[in-house]
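Contents: one structure, followed by commentary.
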Amino acid sequence: MKVDVYKIDGTKSGESVELSDNIFAIEPNDHVIYLSVKAYLAAQRQGTHKTKERNEVRGGGRKPWRQKGRGTARAGTTRSPIWIGGGTIFGPKPRNYRQKINKKVNRLARKSALSIKAKSEQIMVVEDFNFDAPKTKDFGQILDSLSLNGKKTLVLTNGTQENVYKSGRNILKVYIREAEKVSAYELLNNQVILLQKGAVEKLESTFN
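Residue 231 is where the sequence shown ends in our numbering, and the numbering goes up by one at each step.
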């Protein structure tokens with residue numbers, strides 16, 4: 024599958040890159056995508072939620088009234104779960120929500136996501152670019168030239184490019200990831216994937 028390579032000014036460079044059928048044209052596996060996305064979203068949870076049980080609530084050290092003779096129900100502490108200000112029954116406790124997913128399953132999910140995007144013609148390849156210093160305005164001009172302004176765009180870079188990341192991180196609906204580290208969820212959660220030319224080779228070396 025061949026895709027045209029664009030210049031940062033929005034014009035075609037005259038070059039094209041071959042997208043490997045083993046990565047961009049496989050039969051998508053919906054179930055492994057589901058497993059990968061579920062594991063990704065679970066890993067985003069902090070798991071720091073906490074409520075106090077009756078032994079952790081302040082007060083309640085003295086029996087509020089005598090056991091018998093008042094005509095009311097028995098009570099041993101004012102911090103019982105049935106009292107206002109009492110402890111919580113079976114409340115949430117800090118926990119780790121991470122789910123284990125096999126490397127092969129995760130890899131197949133990412134390839135399936137890339138194949139879905141390629142089939143939907145939502146992949147665009149641009150020549151490699153970088154900035155001498157972080158410059159959001161220059162990054163915005165590139166998106167304007169490629170008619171991507173306002174679209175939810177995932178930019179996959181060729182390795183770590185700190186200036187590119189800092190230039191685009193404040194632009195609405197733009198997400199920048201290193202090609203070899205991107206997840207299936209990130210690949211699917213956008214309108215367009217903008218691939219740097221070098222990132223194509225990076226993906227191929229990662230999956231092969």
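Note that CB positions come from ideal geometry on N, CA and C, so glycine has one too.
Beta-bridge pairing of residue i - partner residues as DSSP gives them
i	result
K25	E41
Q219	V149
T180	E201
Coarse secondary structure for residue i, derived from DSSP in three states
i	result
L1	Absent from the structure is residue 1, since the part of the chain shown begins at 24 and ends at 231.
I199	strand
S36	strand
E144	coil
R121	coil
F154	coil
A207	helix
T159	helix
K126	helix
N193	coil
I46	helix
Residue i to residue j span [Cα, whole Å]
i	j	result
E227	Y57	23 Å
W88	A98	7 Å
S59	G108	42 Å
G182	A222	7 Å
R239	G83	Given a span of 24 to 231 for the chain in the structure shown, any question on residue 239 remains unanswerable.
K73	V80	13 Å
E209	F113	35 Å
R200	Q214	15 Å
K25	G191	27 Å
P115	F47	43 Å
N153	Q184	7 Å
L211	V149	19 Å
S39	Q69	43 Å
G33	T71	46 Å
D155	G163	16 Å
Neighbour-count burial assignment, residue i, 16 or more Cβ in a 10 Å radius
i	result
I146	buried
K126	exposed
L64	exposed
T176	buried
I105	exposed
A62	buried
- Item | Uninterrupted alpha helix (DSSP H) stretches inside the region 51-86 (no shorter than 4 residues) | 53-66
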